[in-house]
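Colleague:
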Amino acid sequence: MSIKRDLQTLLNLHYIVNIVLCTSYILLKTIYPFCAFIFPASRCELDWREWEILMFLAVIIVFRTRRSGSTSMLAYLSSSFMYMKIANVILYFHSDPRLSICFAVLCLLQMLLLPEPAYKGPDHIVYFRGPNIWDEIKADKRVNWLITFYAPWSPPCATFATVFAKLSLDYHLDNLKFGKLDVAKYPAVAKEFQIDDSSFSRQLPTVILFKNGKEVSRRPIVDGQNRVGKFFFNQGNIQTAFDLNNLYEDCKKNPLKRRRGEGEGDVGDDEKTKSE
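full-length UniProt numbering puts the sequence shown at residues 1 to 276.
1) Answer yes or no: do Leu91 and Tyr25 have a C-beta to C-beta separation smaller than 8 Å?
2) For my contact list, Val126 and Lys177 are in at a C-beta cut-off of 8 Å; report their separation, rounded to the angstrom.
3) Indicate the three-state DSSP secondary structure (helix, strand or coil) for Ser217 in the structure shown.
4) Can you tell which of Lys257, Ile147, Ala104 has the C-alpha that lies nearest to the C-alpha of Lys214?
5) Less than 8 Å between C-beta atoms, sequence neighbours within five positions excluded: which residues of the same chain meet that for Gln194?
6) Helix, strand or coil: how does DSSP classify Val183 here?
7) Need the endpoints of the alpha helix (DSSP H) that His81 sits in, please.
8) State the start and end residues of the unbroken alpha helix (DSSP H) segment that holds residue 278.
9) Between the C-alpha atoms of Leu173 and Glu45, what's the straight-line distance to the nearest angstrom?
10) My output table needs one value for Phe178: the three-state DSSP class, helix, strand or coil.
11) In this structure, how does DSSP classify Leu173 when only helix, strand and coil are distinguished?
12) Pick helix, strand or coil for Trp134, following the three-state DSSP scheme.
13) Could you pull the start and end residues of the beta strand (DSSP E) that Ile125 belongs to?
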């Protein structure tokens, strides 16, 4: 089912355009009449230098995707697109710098107009708005919160969205809740939690567990010298890192007792209908 779902997702325009861009140089350089029109000074085949660049690209992609912990086809593709585009820029520049500039502009337009699609399936997640996140966390300290700090433009965050949604469906209880906060919208909150929200951040996503209104654990871990520890954001690692199975059983054995005057579903202004 996972492969079938991935194949259906590949029909999204984001993936189609990315695949076309990433394979454009090879196709245009080797298929007649495109090669004769775009590359009139060379033969309709790849030369040895271009093969070297492609082989180096393959090694980089395998190495980087293994380090990123990609376990699905979509995650593998998403982590590969950037390196494939960089290789295409080099290949186009090798043939004609003007083509390289045109390709870079197309890639920029794709990033702006066709970002990676957000997860749109079911979930049980509270979406926080701004600095009032603490109001909800401390409103009832009997409630444990697992909160993801993410940015919509980050491929790792987009990939992790499906995993986090599934975890929220599997583990949600009245006293074990799941939340998300967009650090791109609320950079002050990211700074408060010491999360780097820059384009080169290795802290996106960051997942934090709160118990009794206080942070007790987070991933990835940042040491005293601001070095970010390696962490693969897959379902098994999240379950292990935050001991979700035992936490779920403990919460299930100690359900919340409604306080007099409390109404169902009162989460204040910090919860909103899922629209992202």
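Cβ coordinates follow ideal geometry from the N, Cα and C atoms, glycine included.
Modeller: For this structure:
1) Reading the sequence shown from its first residue, position 91 is the one you call residue 91. Reading the sequence shown from its first residue, position 25 is the one you call residue 25. Going by C-beta atoms, Leu91 is nearer than 8 Å to Tyr25.
2) One-based indexing of the sequence shown puts residue 126 at position 126. One-based indexing of the sequence shown puts residue 177 at position 177. Taking C-beta atoms under 8 Å as the contact rule, Val126 and Lys177 qualify, at a distance of about 6 Å.
3) As a working mapping, residue 217 is identified with position 217 in the sequence shown. Ser217 falls in the strand class under three-state DSSP.
4) As a position in the sequence shown, residue 214 is number 214, starting the count at 1. Here the closest residue by C-alpha is Ile147.
5) If you number the sequence shown from 1, residue 194 lands on position 194. Sequence-distant partners of Gln194 (beyond 5 residues in either direction) whose C-beta falls short of 8 Å from its own C-beta, in its chain, are Val222.
6) Residue numbering aside, residue 183 sits at position 183 when the sequence shown is read from its first letter. Of the three classes helix, strand and coil, the one that applies to Val183 here is coil, per DSSP.
7) To locate residue 81, count along the sequence shown from 1; it is residue 81. According to the sequence as given, residue 81 is Phe; it is not His. Where Phe81 is concerned, the enclosing alpha helix (DSSP H) starts and stops at 73-95.
8) There is simply no residue 278 to check, as the chain begins at 1 and stops at 276 in what is shown.
9) As a first step, residue 173 is located in the sequence shown; it is residue number 173 there, counting from the start. As a first step, residue 45 is located in the sequence shown; it is residue number 45 there, counting from the start. About 60 Å.
10) Locating residue 178 in the sequence shown gives position 178, where the first residue counts as 1. When DSSP states are grouped into helix, strand and coil, Phe178 belongs to the strand group.
11) Residue mapping note: residue 173 aligns to position 173 of the sequence shown, counting from 1. DSSP places Leu173 within a strand segment (E or B) once states are collapsed to three.
12) Along the sequence shown, read from residue 1 onward, the residue named residue 134 stands at position 134. In the structure shown, Trp134 sits in a helix (DSSP, three-state: H, G or I).
13) On the sequence shown, residue 125 is found 125 positions in, with the first residue counted as 1. Note, Ile125: beta strand (DSSP E), 125-127.
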